[in-house]
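Residue numbers (the working numbering): 136 to 601.
Positions of the beta carbon are idealized from the N, C-alpha and C atoms, including for glycine.
Computed from a predicted model, the values in this text were never measured in an experiment.
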């Protein structure tokens, strides 16, 4: 404790903490230590590091925080969650609930990743889109893409930036979603975790023989590569081979296992649709529930029950936010007329017997998502939970609200789509293909965010030098 400077300013800005950063992530585990040991020393020390500056503002819905370090500020919300568990003070729960809604709606990319240049709450609206602009883009040339980062430096967009510290950022989101799911029971809190899991974590290339992993994920308009190289050279010549994310990746693997399902006296609630085998006891019987659908490649969940005798329980399955088409539920091949709306729990309560199979079909649709409201014409394409990336640098021409009219599935290639001719710029014979971001390998160029125009007349009027 003697090595911690408790006099540092508590606004969390890197420029004011005299080299002692991320102190606001400590209360979570200090509170846990107090809960495990009962030693008041841990609780007292946790309460010396509460991040009231951030949490009190978030509880009021105030997101005008100014640039802050991205991953650790999301991770600090787990400290707020633990403070609520220990103290019962409603303001901590209000802070993380409002933070979840605000961050997911206004501070994330289509993958669920966040923090361009490791910065959250950028200095003014449009910072997410500005961070993606090409150096040849007119908006960049005007100076709009020169921003203040979390270290209080004015910086221009650079290829060395990352839009997310992949493993660390995912771990912070997994923990936050897990806390919120346990504290509120609301289905919507599985959404951000799902996006991070199927795009950011699943999208990592394999760990190298040296133990290197993808540190940053980038979504630049003029393209990006997945690389295990950290391109930040320090002033004394140091560089990084094993970064913080190297250690966080195995924590991700452990953490998402914790949030697949939740159990209570009534039964089980499944939050993530990934393949899993759940074994638990209910009403004195051992129950095995196997989820063996091919999610996320196929938008469905297939759940098979095994038990020695009949078991009456409530089964709930989270319906993802993207599942806004005609969802269907079948038990042993017969349709069940149960509600199946996005961001809710699909609930089936009945007596199950050995071999029962519940199949949930969740049709996907293509949709475009802008980088932020200030860049409505800088969009990424997704299909259900999958962020898609283009195979070549491009502009797009077509109805942003009806991509299915001019982007079609490629026969024989799962979740791969291609524009019709005439929808990729001036040449009417050119087409462009999109494939899931998670399928793209190391050192392969991809283009996730692209300019889109309603028609060729608009493209001509707004020509950006493509």
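Which of helix, strand or coil DSSP assigns to residue i
| i | result |
| --- | --- |
| residue 309 | helix |
| residue 241 | helix |
| residue 367 | coil |
| residue 208 | helix |
| residue 393 | helix |
| residue 276 | Legend: pLDDT at residue 276 = 49, less than 50; position of this residue unreliable, no value from coordinates given. |
| residue 463 | strand |
| residue 585 | strand |
| residue 398 | strand |
| residue 292 | coil |
| residue 502 | strand |
| residue 601 | Model confidence at residue 601 stands at a pLDDT of 44, short of 50, so the residue's coordinates are unreliable; what they give is reported in the following sentence. Coil, per DSSP. |
| residue 537 | coil |
| residue 183 | coil |
| residue 420 | strand |
| residue 327 | helix |
| residue 562 | coil |
| residue 590 | coil |
| residue 492 | strand |
| residue 354 | coil |
| residue 439 | strand |
Within 8 Å, strictly: CB atoms of residue i and residue j
| i | j | result |
| --- | --- | --- |
| residue 215 | residue 227 | yes |
| residue 324 | residue 235 | yes |
| residue 446 | residue 480 | no |
| residue 567 | residue 549 | no |
| residue 408 | residue 424 | no |
| residue 387 | residue 375 | no |
| residue 483 | residue 471 | yes |
| residue 391 | residue 300 | no |
| residue 510 | residue 264 | yes |
| residue 477 | residue 458 | yes |
| residue 586 | residue 551 | no |
| residue 356 | residue 212 | no |
Alpha-carbon to alpha-carbon, residue j and residue i
| i | j | result |
| --- | --- | --- |
| residue 589 | residue 537 | 11 Å |
| residue 196 | residue 555 | 43 Å |
| residue 360 | residue 261 | 24 Å |
| residue 523 | residue 333 | 12 Å |
| residue 307 | residue 381 | 15 Å |
| residue 327 | residue 247 | 6 Å |
| residue 534 | residue 500 | 15 Å |
| residue 284 | residue 266 | 11 Å |
| residue 437 | residue 488 | 16 Å |
| residue 277 | residue 508 | Note that residue 277 scores a pLDDT of 48, beneath 50, so its modelled location is shaky and nothing firm can be said. |
| residue 183 | residue 340 | 40 Å |
| residue 592 | residue 224 | 57 Å |
| residue 370 | residue 250 | 23 Å |
| residue 393 | residue 557 | 47 Å |
| residue 597 | residue 525 | 21 Å |
C-beta neighbour in chain B for residue i, strict 8 Å
| i | result |
| --- | --- |
| residue 439 | No chain B is present in this structure, which holds just one protein chain. |
Rounded Cβ spacing between residue i and residue j (contact assumed at less than 8 Å)
| i | j | result |
| --- | --- | --- |
| residue 515 | residue 584 | 5 Å |
| residue 448 | residue 373 | Incorrect: roughly 56 Å between the Cβ atoms, too far for contact. |
| residue 202 | residue 254 | 5 Å |
| residue 156 | residue 208 | Not a contact, Cβ separation roughly 11 Å. |
| residue 450 | residue 403 | 6 Å |
| residue 193 | residue 218 | The Cβ separation is near 13 Å, so there is no contact. |
| residue 475 | residue 462 | 4 Å |
| residue 362 | residue 296 | The pair is not a contact, with the Cβ atoms about 13 Å apart (cut-off 8 Å). |
| residue 427 | residue 439 | 7 Å |
| residue 317 | residue 397 | 7 Å |
Closest Cα partner of residue i within the set the options
| i | options | result |
| --- | --- | --- |
| residue 405 | 224, 350 and 321 | 321 |
| residue 200 | 432, 169 and 237 | 237 |
| residue 220 | 250, 294 and 178 | 178 |
| residue 565 | 551, 597, 528 and 574 | 528 |
| residue 497 | 456, 418, 384 and 592 | 456 |
| residue 460 | 519, 508 and 432 | 519 |
| residue 441 | 298, 157, 433 and 420 | 420 |
| residue 385 | 433, 303, 394 and 443 | 303 |
| residue 222 | 202, 432, 163 and 559 | 163 |
| residue 502 | 462, 467 and 543 | 543 |
| residue 319 | 194, 232 and 293 | 232 |
| residue 314 | 368, 559 and 395 | 395 |
| residue 351 | 416, 344, 378 and 191 | 378 |
| residue 418 | 454, 259, 397 and 486 | 486 |
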